[in-house]
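Novice: Quick note on numbering that gives the first Met the number 0: the sequence shown kicks off at 0 and runs consecutively. We put the CB at the ideal spot given by N, CA and C, even for glycine. Fair warning: this is a prediction, and the values are worked out from it, not measured in the lab. Below is a structure I'd like to ask you about.
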Amino acid sequence: MSPPPLSAELFNGHLAAVAISAMNELGLLDALDRAGVLHLPSWAEQHQLHAMTVDSLMEVLALYEIVTCSADGTARPGKHFADILRTKGYFTWLTSGYGRLFQNLSGTIPLAARTQGFIERDGRAIALGGRDYGRQFVDEQFDHVLRMHDFRVVADLGCGSAERLIGMARRYPAEGIGIDMNPGAIELAARGIQEAGLEHRIGLVLSDLRTLEPSPRLDRVDLLTSFFNGHDLWPREACLAVLERLKQVFRNVTRFLLCDTYRAEPFTTISGVPIFTLGFHVTHAAMGQYIPTRADWLELLEEAGWQCNGVHEIGIPYSAIFDLSPVRRTGRHD
Ligand SMILES: C[S@@+](CC[C@H](N)C(=O)[O-])C[C@H]1O[C@@H](n2cnc3c(N)ncnc32)[C@H](O)[C@@H]1O
Numbered sequence: 000m001s002p003p004p005l006s007a008e009l010f011n012g013h014l015a016a017v018a019i020s021a022m023n024e025l026g027l028l029d030a031l032d033r034a035g036v037l038h039l040p041s042w043a044e045q046h047q048l049h050a051m052t053v054d055s056l057m058e059v060l061a062l063y064e065i066v067t068c069s070a071d072g073t074a075r076p077g078k079h080f081a082d083i084l085r086t087k088g089y090f091t092w093l094t095s096g097y098g099r100l101f102q103n104l105s106g107t108i109p110l111a112a113r114t115q116g117f118i119e120r121d122g123r124a125i126a127l128g129g130r131d132y133g134r135q136f137v138d139e140q141f142d143h144v145l146r147m148h149d150f151r152v153v154a155d156l157g158c159g160s161a162e163r164l165i166g167m168a169r170r171y172p173a174e175g176i177g178i179d180m181n182p183g184a185i186e187l188a189a190r191g192i193q194e195a196g197l198e199h200r201i202g203l204v205l206s207d208l209r210t211l212e213p214s215p216r217l218d219r220v221d222l223l224t225s226f227f228n229g230h231d232l233w234p235r236e237a238c239l240a241v242l243e244r245l246k247q248v249f250r251n252v253t254r255f256l257l258c259d260t261y262r263a264e265p266f267t268t269i270s271g272v273p274i275f276t277l278g279f280h281v282t283h284a285a286m287g288q289y290i291p292t293r294a295d296w297l298e299l300l301e302e303a304g305w306q307c308n309g310v311h312e313i314g315i316p317y318s319a320i321f322d323l324s325p326v327r328r329t330g331r332h333d
């Protein structure tokens, strides 16, 4: 049989992407991974779900060999299940996190429409998706880099849910400070820290990094981390100011592990494009957010007086941990 025309491939691929997101968010992919086999009618009833929709989405996943479905209603992992289980967070990030933006994409492009709040996205779905692909593709590599350094107090910049600070506090006998400008993120972080019973070791600061002031509390910090908020600090001049400010605010920092996704070089064919990258480019373009390239970062970090001791690529395409130390005005490398 000849392959389907591009139009059919694109249309059906879109449906598969939304089916993966929905089944991920309902917990079916994880449940199937744990159990190895699920009886779909019982599973739908147990979770009070609309069985007809579940069946229809599972039919789509079965056509893509992500699952297999039998006539008796049982589902099993298919040939591509392991790949999709690892990458499912990207789908939730794209289709649920940015679904509302895509629904009204044409409406966001006329210049006259680009007024405050014109971009609608679902922060919870973005955080859930990010947490999932972070666990798969960031945490292990980050831990590997972290093990090379001694630290007593770590401050995580743009900490979001504080998931990574909680992880660090569990693995190392260190204290943590989470800093974020979003009150919702700080609230979520506070809840997570409380649930983990780590209030005595992790504190939070609601503040914009662009205006953060020195304090005795921040003087105790010897390690800085930042995950996926570096690009938020661009354009270049604004980010330069923050990077310089960080050295003044965190006077005793010896290391800064800055982890972010950078702009890929322009692609020439679709066959070379990995998962995530185009979605990252398109959503940030729509939001008017410049994504720096790896070279942009290296040049700016040097100008801002952060010496780069190494760049460690991580499992997310075009993403790396920049291992930095401050160059102090005295010429001393801490
Ligand atoms: C993409 S999220 C990443 C969250 C978390 N680091 C993670 O990896 O899951 C970026 C976070 O940076 C925060 N942020 C962005 N710009 C900031 C700024 N200027 N000052 C403080 N926080 C900022 C946002 O509020 C958001 O929580």
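Would you mind giving the Cβ-Cβ distance between Leu100 and Thr282, rounded to the nearest angstrom? I have them listed as a contact below 8 Å.
Specialist: Confirmed, Cβ separation roughly 7 Å.
Novice: Taking 7 Å as the cut-off, decide whether the C-beta atoms of Ile313 and Gln140 are in contact.
Specialist: Yes, Cβ-Cβ distance for Ile313 and Gln140 is below 7 Å.
Novice: Tell me the DSSP secondary structure of Arg250 in three-state form.
Specialist: In this structure, Arg250 counts as coil in the three-state DSSP scheme.
Novice: Can you tell me whether Met0 is buried or exposed? The criterion is at least 16 other CB atoms within 10 Å of its CB, across all chains shown.
Specialist: Flag for Met0 reads exposed.
Novice: In whole angstroms, give me the CA-to-CA distance for Arg120 and Glu198.
Specialist: If you take the alpha carbons of Arg120 and Glu198, they lie about 31 Å apart.
Novice: Would you call Glu301 buried or exposed, if buried means 16 or more other Cβ atoms sit within 10 Å of its Cβ?
Specialist: Exposed, because fewer than 16 other Cβ atoms sit within 10 Å of the Cβ of Glu301.
Novice: Who are Leu223's beta bridge partners in DSSP?
Specialist: Ala154 and Phe255, per the DSSP bridge assignment.
Novice: How would you call Tyr289, buried or exposed, if buried means at least 16 neighbouring beta carbons within 10 angstroms?
Specialist: By the neighbour-count rule (16 or more Cβ atoms within 10 Å), Tyr289 is not buried but exposed.
Novice: Rounded to whole angstroms, how far is the Cβ of Asp322 from the Cβ of Gly309, which I believe are closer than 8 Å?
Specialist: Right, their Cβ atoms sit about 4 Å apart.
Novice: Buried or exposed: where does Asn228 fall if 16 or more other Cβ atoms within 10 Å of its Cβ makes it buried?
Specialist: The residue is buried, with at least 16 neighbouring Cβ atoms inside 10 Å.
Novice: Indicate the three-state DSSP secondary structure (helix, strand or coil) for Phe117 in the structure shown.
Specialist: Coil.
Novice: Between which two residues does the alpha helix (DSSP H) containing Asn23 stretch?
Specialist: That run of the alpha helix (DSSP H) goes Leu5 to Glu24.
Novice: Answer yes or no: the CB of Arg209 versus the heavy atoms of ligand 1, is any distance below 6 Å?
Specialist: Yes.
Novice: Determine, using beta carbons only, whether Tyr63 and Tyr132 come nearer to each other than 7 Å.
Specialist: Result no, Cβ atoms of Tyr63 and Tyr132 do not sit closer than 7 Å.
Novice: For Val59, I'd like the list of residues in its chain whose CB is within less than 6 Å of its CB, leaving aside the five on either flank, ordered along the chain.
Specialist: Within the same chain, Val59 has close Cβ partners Leu14, Ala15 and Ala18.
Novice: For the putative contact between Phe249 and Leu203, defined by C-beta atoms under 8 Å, what is the C-beta separation to the nearest angstrom?
Specialist: Rounded, the Cβ-Cβ distance is 16 Å, inconsistent with contact.
Novice: For Asn23, collect the residues of the same chain with a Cβ closer than 6 Å to its Cβ; drop the 5 residues on either side in sequence, then sort them by chain order.
Specialist: Closer than 6 Å at Cβ, skipping near neighbours: Lys87 and Thr91.
Novice: Consult DSSP for Ser318 and reduce its assignment to one of helix, strand or coil.
Specialist: The answer is strand: DSSP assigns Ser318 an E or B state.
Novice: Spatial neighbours of Val53 within its chain, please: C-beta separation below 7 Å, excluding the five flanking residues on both sides.
Specialist: These residues qualify, in order along the chain: Leu39 and Ala43.
Novice: Taking only runs that begin and end inside the stretch 167 to 228, name each unbroken alpha helix (DSSP H) of 4 or more residues, in chain order.
Specialist: List check, alpha helix (DSSP H) in window: 182 to 194 and 215 to 218.
Novice: With hydrogens ignored, establish whether the beta-carbon of Met180 is closer than 6 Å to any heavy atom of ligand 1.
Specialist: Yes, Cβ of Met180 sits closer than 6 Å to a heavy atom of ligand 1.
Novice: Ordered along the chain, which non-local residues of its own chain (more than five positions away) have a Cβ less than 7 Å from that of Asp259?
Specialist: Excluding residues within five positions, the ones whose Cβ falls inside 7 Å are Phe227, Gly229, His230 and Ser318.
Novice: Per DSSP, what kind of secondary structure is Val59 in: helix, strand or coil?
Specialist: DSSP places Val59 in helix when its eight states are reduced to three.
Novice: Secondary structure at Ser41, three-state DSSP: helix, strand or coil?
Specialist: Reduced to three states, the DSSP call for Ser41 is helix.
Novice: Kindly say whether Gly314, judged by its beta-carbon, lies nearer than 7 Å to any beta-carbon of chain C.
Specialist: You won't find chain C in this structure, because it holds only one protein chain.
Novice: Reducing DSSP to helix, strand and coil, say where Leu323 ends up.
Specialist: Strand.
Novice: Between Asp155 and Leu164, which are expected to be in contact by the criterion C-beta below 8 Å, what is the C-beta distance as a whole number of angstroms?
Specialist: Correct: roughly 5 Å between the Cβ atoms.
Novice: Expressed to the nearest angstrom, what Euclidean distance is found between the alpha-carbon atoms of Ile125 and Gly159?
Specialist: Ile125 and Gly159: Cα-Cα distance of roughly 11 Å.
Novice: Use the C-beta contact count for Arg331: other C-beta atoms within 10 angstroms, 16 or more gives buried, fewer gives exposed.
Specialist: Because the pLDDT at Arg331 is just 48, under 50, the model does not fix this residue reliably, and the value given afterwards should be weighed accordingly. When all chains shown are included, Arg331 counts as exposed.
Novice: Could you tell me if Ile83 is buried or exposed, where buried requires 16 or more neighbouring beta carbons within 10 angstroms of its beta carbon?
Specialist: It is buried - the Cβ of Ile83 has at least 16 other Cβ atoms within 10 Å.
Novice: Quick one: what's Trp305 bridged to in DSSP?
Specialist: Looking at the DSSP assignment, Trp305 forms a beta bridge with Pro325.
Novice: Give the secondary structure of Val66 by DSSP, where H, G and I count as helix, E and B as strand, and everything else as coil.
Specialist: In the structure shown, Val66 sits in a strand (DSSP, three-state: E or B).
Novice: Determine the closest residue to Phe255 out of Leu222, Leu56, Ala111 and Asp149, with distance taken between C-alpha atoms.
Specialist: Answer by Cα proximity: Leu222.
Novice: For ligand 1, I want to know if Phe226 counts as a neighbour, meaning its beta carbon is within less than 6 Å of at least one of the ligand's heavy atoms.
Specialist: Phe226 Cβ: within cutoff of ligand 1.
Novice: Can you give the beta carbon distance from Arg293 to Tyr261, rounded, assuming they're within the 8 Å contact cut?
Specialist: At roughly 5 Å, the Cβ-Cβ gap stays under 8 Å, so Arg293 and Tyr261 are in contact.
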